[in-house]
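**Q**
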Amino acid sequence: MTPLTRSTLLRALGPFAAGYFTSYLFRVVNAAISDDLIAELSLSNTDLGLMTSMYLYGFVLFQLPLGLLLDRFGPRLVQTWLLLLAASGAAWFAMGETTASLAGARLLIGIGLGGCLMSAFKANAMWLPPERLALGNSTVVTFGGLGFLCGTYPANLAADIIGWRALFAVLVVFTLCVTASIYFLVPKRDDDHRPVALAAQLRGYLGIFKDPIFWRVTPMVAAISGTFIAVQTLWATRWMTDVIGLDRHTAGQQLMVLGLAFAIGSLLTGIIADRVQRRGIGLKTVVAGAFSLYVAAQLAMIFALPVPLPVIWIIYGFTGQAANLGYATLGAHFGRDLAGRAQSAANLMLFLASALFQSSIGWVLDHLGHGFSQSPTTSYAIAFGALLVLQLLAFAWYVTGRYAAPHRSAPAR
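Position one of the sequence shown corresponds to residue 50 (the numbering used here), numbered consecutively onward.
1. Are there 16 or more other CB atoms within 10 angstroms of the CB of residue 298, so buried, or fewer, so exposed?
2. With a Cβ-Cβ cutoff of 7 Å, do residue 275 and residue 402 count as a contact?
3. When you compare only the Cα positions, how much space is there between residue 420 and residue 83?
4. Going straight from the alpha carbon of residue 458 to that of residue 355, what length do you get?
5. Determine the DSSP secondary structure at residue 146, reduced to helix, strand or coil.
6. Just mark residue 432 as buried or exposed, buried being the case when its beta carbon has 16 or more other beta carbons within 10 Å.
7. Which of the three DSSP states, helix, strand or coil, is assigned to residue 415?
8. Give every residue of the same chain whose Cβ lies closer than 7 Å to the Cβ of residue 205, excluding the five residues on either side of it in the sequence, and list them in chain order.
9. Which residue wins for smallest C-alpha separation from residue 350, given the options 267, 254, 393, 364?
10. For residue 130, tell me which candidate among 170, 224, 104 has the shortest Cα-Cα distance.
11. Can you tell me whether DSSP reads residue 353 as helix, strand or coil?
12. As an exercise, report each continuous beta strand (DSSP E) stretch of at least 3 residues that is fully enclosed by the stretch 177-201, in chain order.
13. Grab me the residues of residue 183's own chain with a C-beta within less than 7 Å of its C-beta, minus the 5 sequence neighbours each way, in chain order.
14. Between 412, 445, 383, which lies nearest to residue 179 when the distance is taken from Cα to Cα?
15. Specify the secondary structure class of residue 449 as computed by DSSP and reduced to three states.
16. Report buried or exposed for residue 346, applying the criterion of at least 16 other Cβ atoms within 10 angstroms of its Cβ.
17. Pick helix, strand or coil for residue 67, following the three-state DSSP scheme.
18. Compute the beta-carbon to beta-carbon distance between residue 415 and residue 93, rounded to the nearest angstrom, for a pair I have assumed lies under 8 Å.
19. Out of 160, 185, 437, point me to the one whose CA is closest to residue 103's CA.
20. By a C-beta neighbour count over all protein chains shown, 10 Å radius and 16 as the cutoff for buried, is residue 185 buried or exposed?
21. Considering just the uninterrupted stretch of the alpha helix (DSSP H) at residue 98, what are its terminal residues?
22. Assign residue 328 to one of three DSSP states: helix, strand, or coil.
23. Where does residue 295 sit, in a helix, a strand or coil, going by DSSP?
24. For residue 236, which option in 251, 65, 443, 413 has the closest C-alpha, if you only look at C-alpha atoms?
25. So what's residue 91 in DSSP terms, helix, strand or just coil?
26. To the nearest angstrom, how far is it from the Cα of residue 413 to the Cα of residue 434?
27. Count the other CB atoms within 10 Å of the CB of residue 269; is the residue buried (16 or more) or exposed (fewer)?
28. If the criterion is Cβ atoms closer than 7 Å, does the pair residue 362 and residue 295 meet it?
29. Closest by CA to residue 286, which one among 273, 304, 279, 108?
30. Taking just the CA atoms, how far does residue 107 sit from residue 139?
31. Below 7 Å between beta carbons: does that hold for residue 393 and residue 144?
32. Classify residue 231: buried if its beta carbon has 16 or more other beta carbons within 10 angstroms, exposed otherwise.
33. Return the chain-ordered list of same chain residues with a C-beta closer than 6 Å to the C-beta of residue 189, the five sequence neighbours on each side being excluded.
34. How many Å lie between residue 252 and residue 396 at the Cα?
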């Protein structure tokens, strides 16, 4: 077995963090180029929401097979092949001429990048002790925040200078570089490949879906993080242009504030969770504190309160990702051998929710904005308000559950 040194951990986990950086960069880049896509393809809000959400539907399609592959072959090999698929999808997107072709390319990109977070979480579960998973997972999510940051105003500027198609060509090259880092830098491990019969793997999924802890945690993650992803990666920008009246570049600059808060909040949330667990305080308390602030930020958007935009985005970005701590709860509860499947099953629910939310917001805006002559402010308030109600219900279900503290021994499989 490879010695567990700081250098080994950096090589084992760093390239996967770069993969999640790539995943989030692609996730948000459509918001940066949305004006170009609307102008070139004459897209409606419904079209834009559906085409952008195809990336998230790609995540949904591959999550259950992903869990099987991760637990059977390990994250190194699985993520290498998936990133090659994502690079192919990005090349297709760069050459696409129709809404349908761009939607198909976006779906392929989503399938290829759909394993980045779960591969990183699986690698964390392989290399880190259970009590450090919250910190390790939150560190990975921080890299996602940095990817989001690069996909906002910097992507706007790049699209203006070289065009959105050339921007995607650059992203193809970058994706291939990350692919190479995972394949060549990540050390092999003797438990990286654990042949298990498919029937046994499927029984593992059955046990996961029967577990009451899974159904306590997953709806909360899906509702809260699903809303965060749907708004953060598309509709936050459109809300600022449609309701606040900002131009695209100013909106991009404001989105950078959200991205920076997302990155910092992800890391600090992990550090806070890591420390409070050492004092016997559960992750549920951290999630509850963050969610209360997240609700406040959403209310400011729903009612268009006279709160400075940077304040809204700092609170929104800092706290909107805290529900991801639920993955650490699942990883510790199910143990290393089932972690890939348990977290991928939860991820399926998360991205199904976020894809439905992202496309549904566009439908609501088109139908309420035009069919019933409502103002954009009212249309966004209805769309965002409905999602907030779902979050409150899911959080109430989660917070009434009881969860054991992380321990070193894995549960029965």
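Each residue gets a CB set at the ideal place from its N, CA and C atoms; glycine is no exception.
**A** Taking the coordinates as given:
1. Classification of residue 298: exposed, given that the 10 Å Cβ count is below 16.
2. yes
3. The predicted position of residue 420 is uncertain, since its pLDDT is 47 and thus under 50; no value can be drawn from it.
4. Note that residue 458 scores 39 on pLDDT, short of 50, meaning its location in the model is unreliable; the coordinates nonetheless yield the value given after this. Taking the straight line from one Cα to the other gives about 51 Å.
5. Note: residue 146 maps to coil in three-state DSSP.
6. Residue 432 comes out buried.
7. Note: residue 415 maps to helix in three-state DSSP.
8. 81, 297, 298, 301
9. The shortest C-alpha separation from residue 350 is found at 364.
10. Out of 170, 224, 104, 224 has the C-alpha closest to the C-alpha of residue 130.
11. coil
12. DSSP runs (the beta strand (DSSP E)) wholly in the stretch 177-201: none.
13. 319, 322, 323, 326, 332, 374, 377
14. 383
15. coil
16. buried
17. helix
18. 6 Å
19. 160
20. buried
21. 94-122
22. coil
23. DSSP, reduced to helix, strand and coil, places residue 295 outside both helices and strands of the structure shown, so it counts as coil.
24. 65
25. coil
26. 12 Å
27. buried
28. no
29. 304
30. 13 Å
31. no
32. buried
33. Same-chain partners within the cutoff: 66, 69, 169.
34. Straight-line Cα distance between these residues: approximately 19 Å.
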